[in-house]
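Numbering (this note's numbering), first residue to last: 4 to 88.
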């Protein structure tokens with residue numbers, strides 16, 4: 004897996020990418036899969052799932068939501084409030 008990040012509203016969002024395995028010329032290319040964790044988690048929880056999907060030929064993208072995992076953790080001073088509602 005490789006770690007990449009992108010910026011959303013001025014805050015860094017961390018993404019883990021497991022590239023699609025090499026396929027033969029006639030193999031069907033499978034779509035990419037996006038894994039999004041729940042509140043209080045991180046991409047770490049997707050390791051086994053990402054590995055299993057990759058073994059089946061899928062490219063896997065897992066992102067850490069804002070405030071969690073390796074993503075930025077802005078607070079009220081930054082105009083960001085978190086809620087599980």
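The beta-carbon is built from N, C-alpha and C at its ideal position, and this holds for glycine as well.
Cutoff 8 Å; reference residue i; Cβ partners in own chain excluding five residues on either side
i          : result
residue 11 : 69
residue 82 : none
Residues bridged to residue i [DSSP beta-bridge criterion]
i          : result
residue 33 : DSSP lists no partner for residue 33.
residue 87 : Residue 87 pairs with nothing; no bridge assigned.
Endpoints, the alpha helix (DSSP H) within which residue i is located
i          : result
residue 52 : 50 to 58
Span of the beta strand (DSSP E) around residue i
i           : result
residue 146 : No answer is possible for residue 146: it lies beyond the span of the chain, which begins at 4 and ends at 88.
residue 7   : 5 to 11
residue 68  : Here residue 68 belongs to no beta strand (DSSP E), and DSSP marks it neither H nor E.
Nonlocal neighbours in the same chain, by C-beta distance under 6 Å from residue i, ignoring five residues either side
i          : result
residue 40 : 48
residue 77 : 14, 83
residue 9  : 16
residue 75 : 14, 15
residue 85 : 70
Beta-carbon gap between residue i and residue j smaller than 8 Å
i          : j          : result
residue 16 : residue 67 : yes
residue 72 : residue 45 : yes
residue 42 : residue 87 : yes
residue 53 : residue 4  : yes
Residues near residue i in its chain [Cβ-Cβ closer than 7 Å; skip 5 each side]
i          : result
residue 57 : 21, 24, 63
Exercise. Could you tell me whether the stretch 32 to 39 touches the stretch 55 to 71, using the rule of 3 or more Cβ pairs below 8 Å?
Key: Flag = yes, the stretch 32 to 39 and the stretch 55 to 71 touch.
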